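Residue numbers (the numbering used here): 14 to 217.
Okay, here's the thing in structure tokens:
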């Protein structure tokens, strides 16, 4: 058993319905992200993230690992260092997600949007179908670069409009001088809720 497998095995979850609660982990792991299928931990003293999948989503680990391998060399995505039955080990990406930028009032520039477009173009050239691109998986680093994370759905066949909707909203609304560049988190969550329910039409 290698060190990463040992760390992944130290993580214990309690599953209640669709929610997961962290019960135990190795002291060297710092929780940095919570998702629908996994929790992400930064490994102390390193620039690495250990993503540990919940038992019912372990098959996604292999799927996402394969996608990261196809994206190897693409500077807009973190590098994959190792993977196992229920975990991935990747670069730790410093910065703020677009969601955090909106909540904290950090400006989002047209250049950031263009970089995301280019990153997705490169992924498509690999035969992938980038999907599930949302505010929480696009990061602006301290060097003002763009990084994308969470690529598990990049092989799905159906077309996803999330990124096009976000991009259109940026150009149609966000860049307007009267549009608030800082939004309360409850308002952001409410918008996301209505969007997921399909109560907001696609923005064209």
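Beta carbons: idealized from backbone N, C-alpha and C, even for Gly.
In this text the structure is predicted, and so the values were computed from the model without any measurement.
Close Cβ partners of residue i (< 6 Å) along its chain, the five nearest in sequence each way excluded
i: residue 143; result: 133, 136, 167
i: residue 146; result: 175, 176
i: residue 39; result: 20, 23
i: residue 46; result: 53
C-beta atoms of residue i and residue j nearer than 9 Å
i: residue 103; j: residue 159; result: no
i: residue 74; j: residue 51; result: yes
i: residue 83; j: residue 141; result: yes
i: residue 15; j: residue 77; result: no
i: residue 180; j: residue 121; result: no
i: residue 111; j: residue 101; result: no
i: residue 148; j: residue 205; result: yes
i: residue 123; j: residue 207; result: no
i: residue 187; j: residue 194; result: yes
Coarse secondary structure for residue i, derived from DSSP in three states
i: residue 79; result: helix
i: residue 157; result: coil
i: residue 84; result: coil
i: residue 166; result: coil
i: residue 195; result: coil
i: residue 204; result: helix
i: residue 51; result: strand
i: residue 152; result: strand
i: residue 139; result: coil
Contact belief for residue i with residue j at Cβ below 8 Å, rounded distance in angstroms
i: residue 161; j: residue 66; result: Their Cβ separation, rounded to whole angstroms, is 19 Å, which puts residue 161 and residue 66 out of contact at 8 Å.
i: residue 116; j: residue 151; result: Going by Cβ atoms, the distance from residue 116 to residue 151 rounds to 14 Å, so no, they are not a contact pair.
i: residue 56; j: residue 44; result: About 12 Å; that fails the 8 Å criterion.
i: residue 154; j: residue 118; result: About 18 Å separates the two Cβ atoms, so there is no contact after all.
i: residue 98; j: residue 71; result: 6 Å
i: residue 165; j: residue 80; result: 7 Å
Cross-strand partners of residue i (DSSP beta bridge)
i: residue 35; result: 26
i: residue 96; result: 101
i: residue 183; result: None, per the DSSP bridge assignment.
i: residue 171; result: Its beta-bridge partners do not exist; DSSP assigns none.
i: residue 56; result: 42
i: residue 116; result: BP columns for residue 116 are empty, so no partner.
Cβ neighbours of residue i in the same chain (closer than 8 Å, five flanking residues each side left out)
i: residue 171; result: 144
i: residue 85; result: 92, 93
i: residue 114; result: 120, 121, 153
Proximal residues to residue i (C-beta, below 7 Å), its chain only, five neighbours per side dropped
i: residue 88; result: none
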